[in-house]
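In my numbering, the protein residues as written are 550 to 684. Right, one structure below, let's go through it.
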């Protein structure tokens, strides 16, 4: 039997969830709060503001189509400007062959998860992204 110390509630890492769909964003937060501290925003502009406000996010989970002037690529570029190693998990129902999605996926430390997905798949993708970033 291994004796592993589980992280306390306050020791959990913080992730940023970016999705313009209120119901999905709230549901993602409810699920992910079992594993991580979660900040959530609805727009690309709010995401970039949070990223630039010196928050120490372990992962940024973003939808691609954010229903505003800025999309997931803009969020990804802001992440890369701030950090080369901060993982991005792109969640989208858009075609993975869309040119801006392909450009986003070329950024280092970026993973793709197509919608629809099971919540546990998202948790696994976030966990894998964290593990890859810490190597």
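Don't be surprised by glycine CBs; every beta carbon is placed ideally from N, CA and C.
Practice task
For the region 599 to 611 and the region 665 to 683, state whether three or more C-beta atom pairs, one from each stretch, are separated by less than 8 angstroms.
Solution key: yes
Problem - Candidates 652, 564 and 636: closest to residue 585 by CA position - result: The option with the nearest alpha carbon to residue 585 is 564.
Exercise for the section: Measure from the alpha carbon of residue 630 to the alpha carbon of each residue in 656, 561 and 665, then state which is nearest. Expected result: 656
Exercise for the section: Decide if residue 636 is buried, meaning its Cβ has at least 16 other Cβ atoms within 10 Å, or exposed. Expected result: buried
Handout entry: Anticipated Cβ contact below 8 angstroms, residue 576 with residue 614, distance rounded
Key = Residue 576 to residue 614, Cβ: 18 angstroms. No contact.
Problem - DSSP-derived helix/strand/coil call for residue 671 - result: helix
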